[in-house]
Amino acid sequence: MRRRWCWRMGGPGRPMKPRFVRIVPGLTQFSPITPDGLPAPMGEPIYMTYDEFEAFRLIYHEGLNQEEAASKMGISRGTVWRCLESARSKIARMLVERRQLIIAPAPPQPQKKLAPEAGETK
Numbered sequence: 001m002r003r004r005w006c007w008r009m010g011g012p013g014r015p016m017k018p019r020f021v022r023i024v025p026g027l028t029q030f031s032p033i034t035p036d037g038l039p040a041p042m043g044e045p046i047y048m049t050y051d052e053f054e055a056f057r058l059i060y061h062e063g064l065n066q067e068e069a070a071s072k073m074g075i076s077r078g079t080v081w082r083c084l085e086s087a088r089s090k091i092a093r094m095l096v097e098r099r100q101l102i103i104a105p106a107p108p109q110p111q112k113k114l115a116p117e118a119g120e121t122k
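Letter by letter, the sequence shown follows residues 1 to 122 of UniProt numbering.
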């Protein structure tokens, strides 16, 4: 029996529960600039998912608590806490390290060449 592939963890696993995102951000890239208005030198960009953005928005912009945000997103309170913790960490790293923040549905994953399963031919 073949197992499902979980894209987030990079291996077989349980499929993710669908999450409800009410507002997709119109502006999806934030880049640091110097006082002169020129783009600042940047390292690797930081990617924030729509789930993390939605959890951050519901709790800090809408003023909801974690249980209310979880019910609006259709996920557990623990998952909201993990999304919120990840979003706070990414925003702090963006500000301190002067790096670009990109909000995307899912961060780009490096493509791995999969080994053929037993009995399969190339």
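Ideal placement from N, C-alpha and C gives every residue a C-beta, glycine not left out.
Where the alpha helix (DSSP H) containing residue i begins and where it ends
i	result
alanine 92	77 to 97
tyrosine 50	50 to 56
Residue closest to residue i, alpha-carbon to alpha-carbon, out of the options
i	options	result
leucine 58	Thr34, Gln100, Ser31, Val24	Val24
phenylalanine 53	Arg99, Val96, Leu27	Leu27
isoleucine 75	Asp51, Leu38, Glu44, Gln100	Asp51
proline 39	Ser89, Arg98, Arg88, Glu62	Arg98
Simplified DSSP assignment, three categories, for residue i
i	result
methionine 73	helix
isoleucine 102	strand
isoleucine 59	helix
Beta-bridge partners of residue i, as assigned by DSSP
i	result
proline 39	Ile33
isoleucine 46	Leu101
is_contact[residue i, chain D] using C-beta, thresh 7 angstroms
i	result
proline 45	Note that chain D does not occur in the displayed structure, where there is just one protein chain.
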